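Enquirer: I'd like to ask you about the structure that follows.
Residue numbers (the numbering used here), protein chains in the order written: chain A, 1 to 591; chain B, 592 to 882.
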């Protein structure tokens, strides 16, 4: 056993060595590119591959990390290219200024398209990006006074600093290397984790405090930005741009590249781009028949999606993982501490006359109750009594028809899910919602990263706290395994660890005992008691009367959307209306 | 004023085509929860089948017409088997990508076989049209509008008043429950693709004499049909029809009064306007994932 800090230091050293090796490799490539005089044909192919790869890495971010589609990458590529082309040729601006302006324009377009469509889901985004692509092509061809129309822009200048094809190619390789490094690092940053969380499970991402909309728009804008950057480099490299280079067909080419190589990693982007630029050069004869070539691309897209969903690099990584097995770290970890923010009042949650109607159905009708600080409060009721609806209103998935909800003195009635989380609400789901492509540790780190969590947000502290939280639920030694390899009961524990690690003011548990066997239920009961002993306020919703009566001090009972009883556990469970609601009207059978 | 009526007539005519393709979109979306990005190619393939049968082989028009629709039925079935069915248990993203791949494959295979030259297809009817006042009613447009009305009426009857229609509806609402009730869900989805390919194909054959038969007609029509479904409210049958007609009219007026080269851009502008200001469309309701 070693301390957390040592493990962290060891992994940081390993990362540093990796980075040094990467820099060395890039230095060699740059040296080769800058000193070797290739013939023009080879230089062109290399230039195309390098600039395309930058744009394809944009798709790695948006499609691979965030799970959103962009079918207009060629349009963003074209915008960047035209910015450099028109700026240097028609307006005599410096290459760098044009590049900067181009990136601003591209980013603005990306952010606009993203904000207007992303909240509506993938289909819309796909169609809108196709439309945008078509419009941009129309504008490039028809707005002749500005764009030069179908003739395109020729004699585009390279920057003075890199005036020869060799030096410019070397410059592009450096840009690609930097972009590749950033994209490689992105998944393990807060933003990258948020993107993966959104891709894996949007609902859970929202209630762990991630702003879904902003995360998606950011991913989309980054993708557009990289498209524009690649395009700007492309224009400088080829000195000539025309509308047909940035058509919808090219967007499909970009998409095929990222799919073929593998969407999950920038290495996949480089492999896919390289192959799809080289293979067509070997198969030039196909170009003699118009259409044949793209038809093969279309077929390739279908075949890849059907038979190789993770792409070439994904396939390689899978084989590698099988050989290596999983890595286990064990460390002495500090006991999980729960920090409570400054207490405002004794009432943590105040629900006032809450109602939620679906058309004529009053799922929740005029419910009021108060959850006291440090208590375990249970909300129970038979099927259809409005428990889950209440919970969904509390966590912001439904807007209430009437009434108000206060958390720690703050009115959160109209907050979005992630804003409630930021104000101190944590929750678990009846049907477990973990981020399925991530390890247990990464899932819990997202919990620690809850906005407003009053702990140290430095990477080592985040990881330490997440490991402590997993230790607390008894899964510390399996922290680095994928969540999908855990049993159902253990997944539930990870979900609880994720919520608890964020130091919520109030923990909402939606039927935590559902689907657990009797041993797991006892473990859960003990865990809840340990959480309560740390002073965390819990609101639990469950059917399991044994569990509820053992952990809850205070119980609110709902039936047909109305509150029928409220009080301390013993008196409520003996309340005649409650007995009737659960066991039917023959009260004699109750005991 | 006559100009306005003339444009209105043409707009409704071309809008009917969008409405038919949008209808096919919506049916597949409701059955599979997936947007078929190769929907426009249904129209293109049908128009090329017409060219093969009636122009190249010089077979009688009506036989060619029936053969083309039959061909579309087969095409719809193959499309389902090759592009959707193997991916039915995956998320929507792979399916979208696969239909995009299919769209590229089909349109470019056609290009490889037929070359870039647009083909000309004769109108279905011999007589050209007639005047009411100074408004000229072109026979092909009248035919399109008439057939659309008939088809919409047929579809309403079919889905509301036949057992097969009810089974299809059940499939689109809850596949698991439908299969538990003994409805062969895979067959129902197959039938949906077949039917959708046939009405998309019919739209293609009807519009071909107006637009020329080219490999680009699929993409253009699909984009507009999609815009139509958003205008009407995504997944809503009546919305698709109203949206299609509205888009046809807007576009015709836009081309006449604003700009011809950007004619195809109006669909996009209307689309974005709706997405920003009324994303649920005219008839749709907001949808949200349940906890």
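All C-beta atoms, glycine included, are put in the ideal place defined by N, C-alpha and C. Predicted model, so just to flag it, every value in this text is computed and none were measured.
1. Go ahead and pull the three-state DSSP assignment for residue 807 of chain B.
2. On the three-state DSSP scale, how would you describe residue 9 of chain A?
3. I need the DSSP call for residue 683 of chain B, collapsed to helix, strand or coil.
4. Listed in chain order, which residues of the region 292 to 314 of chain A have Cβ atoms closer than 7 Å to some Cβ of chain B?
5. Is it buried or exposed, residue 15 of chain A, if we count other Cβ atoms within 10 angstroms and call 16 or more buried?
6. Between the C-alpha atoms of residue 110 of chain A and residue 826 of chain B, what's the straight-line distance to the nearest angstrom?
7. Using a Cβ cut-off of 7 Å (strictly closer), state whether residue 127 of chain A contacts chain B.
8. Counting only Cβ pairs nearer than 7 Å, list the residues of chain A close to residue 707 of chain B.
9. I believe residue 611 of chain B touches residue 787 of chain B by the beta-carbon criterion, under 8 Å. Please report the beta-carbon distance rounded to the nearest angstrom.
10. Can you give me, in chain order, the residues of the region 804 to 818 of chain B that have a beta carbon less than 8 Å from any beta carbon in chain A?
11. What's the gap between the Cα of residue 123 of chain A and the Cα of residue 670 of chain B?
12. Please give the ranges of any beta strand (DSSP E) in the region 366 to 425 of chain A, keeping only runs that are unbroken, at least 3 residues long and fully inside the region.
13. Which residues bound the beta strand (DSSP E) around residue 490 of chain A?
14. Count the other CB atoms within 10 Å of the CB of residue 131 of chain A; is the residue buried (16 or more) or exposed (fewer)?
15. Taking the alpha carbon of residue 81 of chain A as the point to measure from, which residue in A:143, A:438, A:386 and A:156 has its own alpha carbon closest?
16. Using a beta-carbon distance below 7 Å, is residue 418 of chain A in contact with chain B?
17. Against residue 383 of chain A, what residues of chain B qualify as contacts under a CB-to-CB distance less than 8 Å, listed in chain order?
18. Pick helix, strand or coil for residue 529 of chain A, following the three-state DSSP scheme.
19. Among residues of its own chain, excluding the 5 on either side of residue 564 of chain A, which ones have a beta-carbon nearer than 6 Å to its beta-carbon?
20. Give the residues of chain A in contact with residue 742 of chain B, contact being defined as C-beta atoms less than 8 Å apart.
21. Return the residue from the list B:849, B:813, B:597 and B:748 that minimises the CA-CA distance to residue 628 of chain B.
22. Since residue 433 of chain A and residue 203 of chain A are thought to touch, with beta carbons under 8 Å apart, how far apart are those beta carbons, to the nearest angstrom?
23. So is residue 142 of chain A in contact with chain B if we call contact Cβ pairs under 7 Å?
24. Using 10 angstroms around the beta-carbon of residue 268 of chain A, count the other beta-carbons present and answer buried if the total reaches 16, otherwise exposed.
25. Do you know offhand how far residue 736 of chain B's Cα is from residue 797 of chain B's?
26. Starting from residue 565 of chain A, follow the beta strand (DSSP E) in both directions and report where the run begins and ends.
27. According to DSSP, what are the bridge partners of residue 352 of chain A?
28. Residue 579 of chain A CB to nearest chain B CB: under 7 Å?
29. Go to residue 729 of chain B, then tell me how far its beta strand (DSSP E) extends in each direction, as first and last residue.
30. Note down the Cα distance separating residue 754 of chain B from residue 770 of chain B, rounded to an integer number of angstroms.
31. Mind checking whether residue 199 of chain A and residue 66 of chain A have CB atoms under 7 Å apart?
32. Does DSSP classify residue 603 of chain B as helix, strand or coil?
33. Taking contact to mean at least 3 C-beta pairs separated by less than 8 Å, is the region 214 to 226 of chain A in contact with the region 26 to 36 of chain A?
34. Extract the residue ranges of the alpha helix (DSSP H) inside the region 717 to 769 of chain B, only unbroken runs of 4 or more that lie entirely within it.
35. Along the chain, where does the beta strand (DSSP E) containing residue 557 of chain A start, and where does it finish?
36. Please classify residue 587 of chain A: does DSSP put it in a helix, a strand, or coil?
Expert: To lay it out plainly:
1. Of the three classes helix, strand and coil, the one that applies to residue 807 of chain B here is coil, per DSSP.
2. helix
3. helix
4. 292, 294, 295, 297, 298, 299, 301, 302, 305, 306 and 309
5. If you draw a 10 Å sphere on the C-beta of residue 15 of chain A, you find fewer than 16 other C-beta atoms in it, and that means exposed.
6. 27 Å
7. Yes - at least one Cβ of chain B is within 7 Å of the one on residue 127 of chain A.
8. 290
9. Wrong, their Cβ atoms sit about 10 Å apart, outside the cutoff.
10. 806, 810, 814, 817 and 818
11. 19 Å
12. 376 to 380 and 402 to 407
13. Premise fails: residue 490 of chain A lies in the alpha helix (DSSP H), 488 to 501, not in any beta strand (DSSP E).
14. buried
15. A:156
16. no
17. Within chain B, no residue comes near residue 383 of chain A; the closest Cβ sits about 16 Å away, beyond 8 Å.
18. In the structure shown, residue 529 of chain A sits in a helix (DSSP, three-state: H, G or I).
19. 557 and 577
20. Within 8 Å Cβ-Cβ: nothing; residue 742 of chain B doesn't reach chain A, min ~24 Å.
21. It is B:813.
22. 6 Å
23. Under the Cβ criterion of 7 Å, residue 142 of chain A is counted among the residues facing chain B.
24. With a 10 Å radius around the Cβ and a threshold of 16 neighbouring Cβ atoms, residue 268 of chain A comes out buried.
25. 10 Å
26. 562 to 568
27. Looking at the DSSP output, residue 352 of chain A bridges to A:404.
28. no
29. 726 to 729
30. 15 Å
31. yes
32. helix
33. no
34. 730 to 752 and 754 to 764
35. 554 to 559
36. Reliability of the predicted coordinates at residue 587 of chain A is poor, the pLDDT of 47 falling under 50, and the value obtained from them is presented with this limitation in mind. Here residue 587 of chain A sits in helix by DSSP.
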